[in-house]
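Take my numbering: the last position of the sequence shown gets the number 403, and nothing is skipped along the way. We put the beta carbon where it would ideally sit given N, CA and C, even for glycine.
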Amino acid sequence: MSQKIITILGQTIEPGKSYEVDFDVAKLHTASSINVPIIIERSKKPGPTVLFTAGIHGDEVNGVEIVRQLIAKGINKPKCGTTICIPVINIFGFINLSREFPDGRDLNRVFPGLKNGSLASRVAYKLVNDVMKEADYVLDFHTGGAGRFNAPQVRIAQGSTRLNELARIFGAPFVLYSKNLKKSFRITAYKAGITMLLFEGGKSHHIDVNITNTGVNGAKRVMHSLGMLGSKFKVSKPKKESVFITASKWQRANFSGMFKASVEVGTKVKKDDILGNITDPYGKFNHFVRATSTGYIINANESPIVYQGDALFHITSRVKPHS
81 MSQKIITILG QTIEPGKSYE VDFDVAKLHT ASSINVPIII ERSKKPGPTV LFTAGIHGDE
141 VNGVEIVRQL IAKGINKPKC GTTICIPVIN IFGFINLSRE FPDGRDLNRV FPGLKNGSLA
201 SRVAYKLVND VMKEADYVLD FHTGGAGRFN APQVRIAQGS TRLNELARIF GAPFVLYSKN
261 LKKSFRITAY KAGITMLLFE GGKSHHIDVN ITNTGVNGAK RVMHSLGMLG SKFKVSKPKK
321 ESVFITASKW QRANFSGMFK ASVEVGTKVK KDDILGNITD PYGKFNHFVR ATSTGYIINA
381 NESPIVYQGD ALFHITSRVK PHS
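Written out as C-alpha cells, the structure reads:
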C-alpha cells in the first residue's frame, strides 16, 4: 500500500516528516500579520489522516487546551497515517476571547464559505478547500457558551453505524444525537464524506481539568482504534459506558434573580429533586428550582444572575438502552 500525496495550503506533506504550515488569512487592523500554525505529523507507514480542530469560537479555550496537549505530549505523532492539528481556527476571536469574528459572524454558521466573502467566510473556505479536503476523520473540540457548563459529550447525527462506533470508542460520558446544522463545519464534513466527532465540554473562558482529560483520552482512544497511537501511550477504558441521548429538553427559570445550582453536571436526577435556588438581593425571596422530569443533567447555567425564561438546566428525557 503506497502513501497518497497530501497537500496542505500548497505544501506537499511527505511521509515520515513533520511540518508547521501557516494558515494566513488576513492581517489585523494595525497591519500586524497573524499566522495560525497548523502542526502536521506524518508517519512513514500509510494510514488514515485525522484532523484535530479547536477554537472555531474564540472564547472556547478548553478545546484549544485539548489540542495543545495532544501536540505538547506528542500524542499527535502517529504510528501510521497523518495527523493535522489546528488548536485555534478563529484566531481573531481568540485574541479578544470573543465567540465571533470581528465582522460579528459566527464561523460555524458560514461553512463551506466563499473565496471572496466576509472574513469569517474566507476562513471557512480556506479551511475546507486547503486543509479539510485531505482528512478522513475530524475531531472538533468545543465548549458550552454564555456561562453554561456542558457535561463532556460527543455530538453526532443519528443513522450512522460508524459514528456510533467511534463515539463509543471516544468514551465521553454522554453521546447526544443532534442534527447537523446548516452551514456548520459538521454538515460540511458530512457532505464531503468525512467522519466527524464534535466534542463539547465545559464552558467558555474557562479550562477544566476533567474536561481536558476527557477530550485528550478520547482522542487517544480514537487514534488507537485506527492503529495510529504511539506504543508509549497507554489507553484507559472509560469509567462507565457512554449514555446515548435520543431526546433532551431545557428547564427554564420561572423567576428572575440570583441563581445558584446545587447539583453537579452529569448527575442523574429524579422529578421534583431540588436542583438549585433563585433568590432576590434583599433576602425576601427564595425559590427552589425542582426538576420537572427525571434524567441526566448534561448542561447547567453557572451565571449568578438569571432572568425569567433563561435556560437553567439541560436534562435528558430519553436515552438509548446499552446494547
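Among the options, which has the Cα closest to the Cα of residue i?
i, options, result
"I120", "R332, V147 and K312", "V147"
"F221", "G298, Q83 and E280", "E280"
"H394", "K400, I385, P384 and V343", "V343"
"G127", "A134, T162, V141 and Q149", "T162"
"V211", "P384, V116, S311 and F335", "V116"
"K329", "N379, N290, L306 and I358", "N379"
"V144", "L219, T92 and K125", "L219"
"K125", "G310, I358 and K348", "G310"
"F265", "P401, P384, A106 and Y205", "Y205"
"R235", "Y257, L246, Y217 and A215", "Y257"
"P182", "P158, K107 and L261", "K107"
"V349", "D360, F365 and Y376", "Y376"
"T110", "F172, D390, N297 and F365", "F172"
Taking just the CA atoms, how far does residue j sit from residue i?
i, j, result
"G363", "L278", "43 Å"
"S373", "R242", "32 Å"
"Y270", "F368", "43 Å"
"T223", "R185", "18 Å"
"S397", "S123", "45 Å"
"L306", "N381", "37 Å"
"K84", "E94", "9 Å"
"I287", "K213", "30 Å"
"A341", "K97", "50 Å"
"L392", "F335", "11 Å"
"S316", "M276", "22 Å"
"R370", "T294", "29 Å"
"K153", "I118", "16 Å"
"L177", "K259", "27 Å"
"G273", "V130", "13 Å"
"G138", "F132", "16 Å"
"V399", "L207", "35 Å"
"I136", "S240", "25 Å"
"P318", "K157", "23 Å"
"L246", "K300", "12 Å"
Please state the DSSP three-state secondary structure of residue i.
i, result
"F335", "coil"
"L261", "coil"
"S98", "strand"
"S328", "strand"
"Q238", "coil"
"L207", "helix"
"E214", "helix"
"G356", "strand"
"N381", "strand"
For residue i, which beta-bridge partners are listed by DSSP?
i, result
"L219", "F132 and L277"
"Q233", "F254 and E280"
"D376", "What sits at residue 376 in the sequence shown is Tyr, not Asp. Paired residue(s): K348."
"P117", "D102"
Using 8 Å as the Cβ pair cut-off and three pairs as the minimum, do the segment 318-325 and the segment 244-262 touch? yes
Is the segment 192-208 close to the segment 353-370, with three or more CB pairs under 8 Å? Between the segment 192-208 and the segment 353-370, the count of C-beta pairs closer than 8 Å stays below three; the two stretches do not touch.
Touch check for the segment 177-194 and the segment 149-163: three-plus C-beta pairs under 8 Å? no
Meets three-Cβ-pair contact criterion under 8 Å: the segment 98-106 and the segment 223-235: The segment 98-106 is not in contact with the segment 223-235.
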